[in-house]
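Protein chains: 2
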Amino acid sequence: MTQNSLPIGIFDSGVGGLTVYRALHDRLPNERFVYIGDTARVPYGTKSLATVERYAIENSLFLKRKGIKLLVVACNTASALALPRIREATGIDVVGVIGPGGRKAIEITKCENPKVGVIATEATVSSQAYAVAINRACENAVIMQTACPLFVPLAEEGWTHEAETYSIAAKYLEEMREFQPNALVLGCTHYPILREVIQETVGPDVKLVDSGEATADEVVELLKKRGLENPHEVAGDRELCDDLDHFYVTDAAERFARVAERFLGASPARLKALELYSGDEWQKPDR
Amino acid sequence: MTQNSLPIGIFDSGVGGLTVYRALHDRLPNERFVYIGDTARVPYGTKSLATVERYAIENSLFLKRKGIKLLVVACNTASALALPRIREATGIDVVGVIGPGGRKAIEITKCENPKVGVIATEATVSSQAYAVAINRACENAVIMQTACPLFVPLAEEGWTHEAETYSIAAKYLEEMREFQPNALVLGCTHYPILREVIQETVGPDVKLVDSGEATADEVVELLKKRGLENPHEVAGDRELCDDLDHFYVTDAAERFARVAERFLGASPARLKALELYSGDEWQKPDR
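Chains as they are written, first to last, in our numbering: chain A, -19 to 267; chain B, -19 to 267.
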């Protein structure tokens, strides 16, 4: 198998990265994907730097062993905290979601002194990774960041239009609404699920940036630049979650399939639950 | 050190077990406690049987190595799914929260054909552990169970009296309110934090059962029965989280201390973050 025909790896802390998978799948009909969701240890957003790094490296090395030409870190928290260590550990091309999300926010504001909002997990906000990425793209940008811890469980519950979700969003985004950013980065893979609630809360003039979609755009460019596109056309129509794409979870496969159905309207044709991690390999527990 | 003067071990998936620690501390002023919260892998409530068993055994063996005379499994999910395997692996006296909670519910209903409600995590509800425990205490009991996934993040956010919390409780507990149980078991260590909201939602005639308090009552009895009480009076007043009690977390100690302050009004004098698990010992990661 040549390098070009290898799949693209996608790593997420759980099910949220499926929104990034969809964005990649839509843009790259000739590519295959292999996805790992670390459902045995989700969520990452409330965990420490050392722990997130360790988990991210374990998952990335698992995908590397499967054979991939490029690794996309779909999890914002892992992208914010662990990207340098993932690159060092895997030695392959790695794309995170923070840089693309930050650049996209600046690009769409089209102003000299843009105001940019970021909503994300506690760990991502504390890391300042988005602030660094946004200021690298435009040093005049004024940035406001807010953690929205309840958005992840609300998205996982599928409460996308409930009155309680609107009310919680109004509470979290009160200052953001006053700040009136030109662009607001959805800095967690779950947040696009609540896109309509968020848009209504901050008002129609705020442009929402889906970091996953921005990342998918950059992956398309990177494959071209590196000459890594798959030259073989895939026969027939590709569908989301069809049997060319392989999904792995570290726990609770049925739950993953159920949430995938809710997020994508389809559940994976090929989904495998890995046994627990013990040392240097995902393997069966010793029992 | 004699067996009697050893501390009591408390294991929880995270910070929720502090409510059980408080109940034990209040009743047993001469006892010392050693607590582990598995914050690197919290929550357990959405994870599978195999994973919960594995994590529970690792944490229980850690406490056994510290030297304890009795192990209290404060986590409802671990109690529901893993108690037999924990007993087998540790070979010491182990008390879970499900049996005591179920027995207490029957005891306080004081009727021949009681109606008992249970609210808990998805995993605990699916396990049917409470239904088994309640029917063992009273075979005529009619039982209704409901999972309330958003209660844990709401409690961790400290949203104990917010309008959104009332509204979410009304949604989850609509059928429970119609069922009008004689007793309602709070089958997750986080739920007592939302006690007032839950009571208002189901109405004043429903008796709430805190499994953690029921467990603390049974631990007092068990220590007496086994002759395992600490015969030495502790000098001076004991305070919650004073330096006689030792706390361990597997990640993010500052966050644990912050939530402890919110739950108990005090944060641990002795709190240690363990490094990540790799094989047979909690130890430093290989980096």
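All residues carry an ideal CB built from backbone N, CA and C; glycine is no exception.
Residue nearest to residue i in terms of C-alpha spacing, selected from the options
i        : options                                      : result
A:Gly97  : A:Leu251, A:Gly207, A:Ala163 and A:Thr(-18)  : A:Ala163
A:Ala117 : A:Gln160, A:His141 and A:Lys84               : A:Lys84
B:Ala111 : B:Phe131, B:Phe236, B:Glu137 and B:Gly82     : B:Gly82
B:Asp231 : B:Ser247, B:Val(-5) and B:Asp185             : B:Val(-5)
B:Ala30  : B:Ala69, B:Gly216 and B:Leu61                : B:Leu61
B:Ser106 : B:Arg7, B:Gly25 and B:Val52                  : B:Gly25
B:Val177 : B:Glu158, B:Lys151 and B:Phe159              : B:Lys151
A:Met124 : A:Phe159, A:Asp(-8), A:Asn115 and A:Thr(-18) : A:Phe159
A:Lys204 : A:Ser(-7), A:Asp(-8), A:Thr(-18) and A:Leu8  : A:Leu8
A:Ala109 : A:Arg67, A:Ser59 and A:Ala143                : A:Ser59
A:Asp185 : A:Leu202, A:Arg157, A:Ser28 and A:Val14      : A:Arg157
B:Phe42  : B:Leu4, B:Asp(-8) and B:Glu198               : B:Asp(-8)
Beta-carbon contacts of residue i that lie in its chain and below 7 Å, excluding the five residues immediately before and after
i        : result
A:Arg12  : Pro(-13), Leu224 and Asp225
B:Ala253 : Val229, Asp231 and Ala233
A:Pro211 : Asn(-16)
A:Asp260 : Summary for A:Asp260: the model assigns pLDDT 42, below 50, so the residue's position carries little reliability, and this model does not support an answer.
A:Pro172 : Thr(-1), Leu166, Asp190 and Gly192
A:Arg2   : Leu220 and Leu244
B:Ala249 : Cys221, Asp222 and Asp223
B:Trp139 : Thr145
B:Lys44  : Thr70 and Ile72
Exposure label - residue i; buried when at least 16 CB within 10 Å
i         : result
A:His170  : buried
B:Thr(-1) : buried
B:Cys91   : exposed
A:Lys49   : buried
B:Gly216  : exposed
B:Gly268  : Given that chain B is displayed from residue -19 to residue 267, the structure contains no residue 268 of chain B and the question cannot be resolved.
A:Gly(-3) : buried
B:Arg21   : buried
B:His141  : exposed
A:Glu68   : exposed
A:Gly183  : exposed
B:Ala143  : exposed
B:Leu4    : buried
A:Ser28   : buried
Sub-8 Å separation of residue i and residue j beta-carbons
i        : j          : result
A:Val239 : A:Glu136   : yes
A:Leu166 : A:Ile148   : no
A:Ala54  : A:Val77    : yes
A:Glu155 : A:Thr126   : yes
A:Pro80  : A:Thr195   : yes
A:Thr104 : A:Thr57    : yes
A:Val214 : A:Asn10    : yes
B:Val52  : B:Ile(-10) : yes
B:Phe227 : B:Leu251   : yes
A:Leu93  : A:Asn115   : It is Asn, not Leu, that sits at residue 93 of chain A in the sequence shown. No, Cβ-Cβ distance for A:Asn93 and A:Asn115 is not below 8 Å.
A:Arg206 : A:Leu188   : no
Chain-order list of residues whose beta-carbon lies under 6 Å from that of residue i (same chain, five-residue window excluded)
i          : result
B:Lys95    : Val122, Pro161 and Asn162
A:Thr89    : Asn162 and Ala163
B:Leu130   : Ile148
B:Thr168   : Sequence inspection shows Cys at residue 168 of chain B; the Thr mentioned does not correspond to that position. Once the five neighbours on either side are set aside, the close Cβ partners of B:Cys168 are Asn56, Ala100 and Thr101.
B:Arg242   : Gly138
A:Thr(-18) : none
B:Ala113   : Ile78, Gly79 and Gly82
Proximal residues to residue i (C-beta, below 8 Å), its chain only, five neighbours per side dropped
i        : result
B:Arg65  : Glu33, Ala36 and Ile37
A:Ala246 : Glu219, Leu220, Cys221 and Ala240
A:Glu102 : Gly25, Thr26, Ala127 and Pro129
B:Gln179 : Val186 and Leu188
B:Val132 : Gly(-4), Pro23, Gly25, Thr101, Cys168 and His170
Under 8 Å by beta carbon: chain E residues contacting residue i
i        : result
B:Ile148 : The chain inventory of the structure shown lacks chain E, comprising the protein chains A and B.
Using a beta-carbon distance cut-off of less than 7 Å, what residues from the segment 87 to 112 of chain A approach chain B? Contact residues of the segment 87 to 112 of chain A toward chain B are absent (C-beta to C-beta distance below 7 Å).
Using Cβ-Cβ distances below 9 Å, what residues of the segment 177 to 197 of chain B are close to chain A? Cβ proximity to chain A below 9 Å picks out nothing from the segment 177 to 197 of chain B.
If contact means a Cβ-Cβ distance below 9 Å, which residues of the segment 118 to 135 of chain A contact chain B? Sequence-ordered contacts of the segment 118 to 135 of chain A with chain B read Pro129, Leu130, Val132, Pro133 and Leu134 [C-beta pairs closer than 9 Å].
Select from the segment 1 to 20 of chain B all residues with a C-beta closer than 9 Å to any C-beta belonging to chain A, and list them in chain order. Answer set for the segment 1 to 20 of chain B: Thr19 and Ala20.
Along the segment 51 to 76 of chain B, where does the CB come closer than 7 Å to a CB of chain A? Name the residues. Answer set for the segment 51 to 76 of chain B: empty.
Quick one: which residues of the segment 217 to 245 of chain A get their C-beta closer than 7 Å to a C-beta of chain B? List them in chain order. Closer than 7 Å at the C-beta level to chain B, one finds these residues of the segment 217 to 245 of chain A: Asp231, Ala232 and Arg235.
Against chain B: residues of the segment 152 to 171 of chain A by CB proximity under 9 Å: Cβ contacts with chain B: none found.
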